[in-house]
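Below: one structure, written as structure tokens.
Protein chains in written order, with the numbering used here: chain A, 11 to 488; chain B, 14 to 322.
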């Protein structure tokens with residue numbers, strides 16, 4: 011497997027090796043030339059003012075400072091050709107189906123473990139595995155209804171999956187708002203209809219949630235979005251999605267359980283709830299079933315869920331499928347459950363739980379990216395080539411103390427996309443997160459969230475670590 | 014709708030009204046402090062009393078304009094300050110983001126951190142600008158509600174909150190005028206008294222409206238009639254109570270249920286309607302205002318109970 015584009019340089023999304031602009035970027039190249047970098051920078055302030063007025067903000071845990079910070083937005087879109095998207099679309103849908111099949115399997119007969127493909131201890135001794143879910147039948151056998159798959163590109167035909175997010179992947183509101191703002195500011199760019207629209211995502215999400223209504227639901231299912239509240243960093247997104255789906259945004263205190271049913275408190279008295287798109291972690295949804303110290307949860311919710319009185323999206327315990335140690339087995343899951351060849355590759359990964367892998371990782375830590383198995387959001391990781399000897403040594407000690415908690419991957423040369431600088435455009439590393447919806451059908455809007463590392467040379471695209479976002483275009487065959 | 018959403022909409026509207034009311038009070042304080050022979054400490058102390066925060070200055074302290082600006086514009090701990098009111102209006106709005114139109118949200122969100130950057134010297138220097146800015150925020154918000162919001166039960170709760178806060182402010186102004194402002198040596202209807210009544214009308218944007226209704230006779234009992242019982246002046250007690258009654262009536266229909274708050278609002282309307290002209294003033298304005306404030310607060314509690322806030 012080649013991880014590099016061949017010449018030691020990262021893959022350039024806009025230009026080929028000869029410096030010629032790729033077909034799909036021609037329109038944007040003309041637009042940059044017409045406006046000039048200075049002109050686009052002036053429009054940038056306008057974009058930021060719109061973001062702030064609308065209130066699209068993002069809080070960073072543990073950093074203090076501005077509780078409602080803006081994620082930096084880069085005006086220059088990231089573009090996929092129709093042909094590239096056809097491959098991605100197949101690969102993403104395939105992966106989402108396999109992950110759900112795996113979840114159903116590990117909470118039932120565990121055929122994949124019996125077949126000796128996934129080691130039993132990796133599942134059953136994993137903190138993300140929820141024994142309470144064993145034998146529970148969930149509507150449509152869907153556990154992860156919104157699968158966010160982080161994809162990086164290292165060459166013309168080389169797309170690789172960096173990680174899966176099966177619980178509650180965030181960021182889809184940026185996909186929608188970035189497009190909205192680009193259309194508002196530069197309507198001319200979209201006039202020819204060449205960019206596939208993404209604005210039906212909320213309708214598709216609602217349809218997906220309705221399709222997984224619980225057996226106890228008769229008639230039109232009542233869907234709600236459950237948020238921890240306005241202090242949560244993704245609160246804007248919670249309210250935005252509820253709004254566009256036309257459903258209630260509820261906090262745990264708005265709900266209560268009675269007679270095997272979940273109710274919400276309304277001015278007309280209690281109203282039955284059928285499907286909960288919850289943006290609260292498993293640990294906090296029900297203090298009776300999970301963390302007793304949780305102030306967030308709804309006592310009795312899990313009991314109602316197990317009896318088929320309400321659907322939770324995602325299902326409790328879905329995190330076992332996006333665990334970084336399980337990740338290595340996803341290509342094999344695709345073959346095992348679907349009988350298909352994986353369309354998208356994994357990034358090669360060393361599991362430190364394996365003694366040989368661990369020895370290799372400790373020897374090569376300075377070249378690798380090491381991550382905590384349960385970490386997310388770019389926290390708790392080590393980028394070998396960008397770390398000091400002391401940092402590497404300290405991280406090595408952490409790995410030795412608890413090898414099964416770590417994995418490592420090669421330092422990927424992420425592709426670069428042109429990004430607006432003060433005086434010129436410059437290539438910055440990007441990744442991509444599409445949002446695949448799984449109900450009775452698998453749905454994928456043509457787009458996603460492109461995250462960009464705004465600092466030159468930086469490989470960390472997480473918004474919590476100084477990354478920004480771009481509008482992501484999928485071009486249509488015209 | 015969710016009970017919490019009803020609660021948030023109700024308080025969002027109250028805090029917006031409160032921010033505007035506080036800015037009007039500051040205008041009134043400035044005018045009165047400029048009157049010939051004004052005892053400054055009385056003027057600003059009375060302003061703080063209307064705003065319900067007199068206890069934040071010492072009992073015998075000399076209250077200055079600086080104190081008033083600090084407490085009523087900038088103080089984060091004072092629920093009546095403009096900064097707190099706008100911040101809480103926005104926090105309530107953010108918690109019911111899905112019930113607001115984009116324009117309503119933008120009117121709450123636009124410039125919400127402006128006051129954080131002000132110190133007392135800035136705020137005093139730019140007070141006229143800050144007052145205009147606050148009134149513009151409230152006006153933009155009401156405009157967005159008026160032309161964009163669905164006339165559903167959320168709108169009813171919002172308008173009830175606004176009307177309760179307006180009624181409250183009118184009553185407090187009346188009370189302070191009658192019992193705090195006028196030194197004992199002065200005669201009701203005398204020169205200073207005349208100016209002070211003028212200031213009260215000004216603070217409620219009611220001077221021209223009063224002249225339209227009563228034709229230039231600035232008599233204390235007429236002004237009281239106007240502020241308490243007039244049916245077409247939108248800041249009069251009777252108008253606010255009628256508005257509360259109208260929206261409670263709508264909620265009664267849409268929810269198909271009547272509650273204690275429906276009885277209370279009808280009782281209040283009837284009392285206001287049947288009182289003889291001038292009777293309130295003669296029987297004792299202070300007693301009347303105290304009773305009416307109690308009724309309004311009781312109404313507010315009964316609404317919360319009826320709709321499970």
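We put the beta carbon where it would ideally sit given N, CA and C, even for glycine.
Taking residue i as the reference, which of the options has the closest Cα?
| i | options | result |
| --- | --- | --- |
| residue 339 (chain A) | A:30, A:46, A:112 | A:112 |
| residue 212 (chain A) | A:156, A:225, A:199 | A:156 |
| residue 155 (chain B) | B:61, B:166, B:176, B:143 | B:176 |
| residue 105 (chain B) | B:86, B:17, B:55, B:153 | B:17 |
| residue 247 (chain B) | B:270, B:222, B:236, B:77 | B:222 |
| residue 396 (chain A) | A:83, A:319, A:376 | A:376 |
| residue 118 (chain A) | A:287, A:327, A:450 | A:327 |
| residue 44 (chain A) | A:198, A:30, A:89 | A:198 |
| residue 295 (chain B) | B:60, B:315, B:235, B:209 | B:235 |
| residue 370 (chain A) | A:180, A:332, A:418 | A:418 |
| residue 282 (chain A) | A:227, A:448, A:322, A:90 | A:227 |
| residue 302 (chain B) | B:188, B:231, B:264 | B:188 |
| residue 482 (chain A) | A:52, A:57, A:207 | A:207 |
| residue 276 (chain A) | A:317, A:263, A:29, A:38 | A:263 |
| residue 329 (chain A) | A:356, A:236, A:293 | A:293 |
| residue 56 (chain A) | A:82, A:280, A:40 | A:82 |
| residue 363 (chain A) | A:131, A:429, A:60, A:400 | A:131 |
Is residue i close to chain B? Criterion is C-beta to C-beta, closer than 8 Å.
| i | result |
| --- | --- |
| residue 264 (chain A) | yes |
| residue 63 (chain A) | yes |
| residue 32 (chain A) | no |
Quick check: what's the CA-CA separation for residue i versus residue j?
| i | j | result |
| --- | --- | --- |
| residue 180 (chain B) | residue 46 (chain B) | 25 Å |
| residue 25 (chain B) | residue 70 (chain B) | 28 Å |
| residue 412 (chain A) | residue 138 (chain A) | 17 Å |
| residue 205 (chain A) | residue 458 (chain A) | 13 Å |
| residue 103 (chain B) | residue 29 (chain B) | 9 Å |
| residue 223 (chain A) | residue 271 (chain A) | 13 Å |
| residue 27 (chain B) | residue 98 (chain B) | 9 Å |
| residue 240 (chain B) | residue 151 (chain B) | 21 Å |
| residue 298 (chain A) | residue 269 (chain B) | 37 Å |
| residue 449 (chain A) | residue 310 (chain A) | 25 Å |
| residue 224 (chain B) | residue 255 (chain B) | 23 Å |
| residue 20 (chain A) | residue 447 (chain A) | 31 Å |
| residue 271 (chain B) | residue 62 (chain A) | 42 Å |
| residue 480 (chain A) | residue 128 (chain A) | 37 Å |
| residue 139 (chain B) | residue 243 (chain B) | 35 Å |
| residue 259 (chain A) | residue 306 (chain A) | 15 Å |
| residue 76 (chain B) | residue 49 (chain A) | 53 Å |
Taking Cβ-Cβ distances shorter than 8 Å, what residues in chain B pair up with residue i?
| i | result |
| --- | --- |
| residue 253 (chain A) | 110, 111 |
Let me see if you follow: with CB-CB separation under 8 Å, is residue i close to chain E or not?
| i | result |
| --- | --- |
| residue 249 (chain A) | In the displayed structure, chain E is absent; the protein chains listed are A and B. |
Any Cβ of chain A within less than 8 Å of the Cβ of residue i?
| i | result |
| --- | --- |
| residue 107 (chain B) | yes |
| residue 104 (chain B) | yes |
| residue 119 (chain B) | yes |
| residue 215 (chain B) | no |
| residue 317 (chain B) | no |
Which residues of chain A have a Cβ atom closer than 7 Å to the Cβ of residue i, listed in chain order?
| i | result |
| --- | --- |
| residue 268 (chain B) | 277, 278 |
| residue 320 (chain B) | 277 |
| residue 166 (chain B) | 277 |
Give the residues of chain B in contact with residue i, contact being defined as C-beta atoms less than 9 Å apart.
| i | result |
| --- | --- |
| residue 240 (chain A) | 104, 107, 108, 110 |
Relative to chain B, which residues along the stretch 259–284 of chain A have a C-beta separation below 8 Å, given in chain order?
259, 260, 261, 263, 264, 274, 275, 276, 277, 278, 279
Chain-ordered residues of the stretch 14–28 of chain B with a beta carbon less than 9 Å from chain A
14, 15, 16, 17, 18, 19
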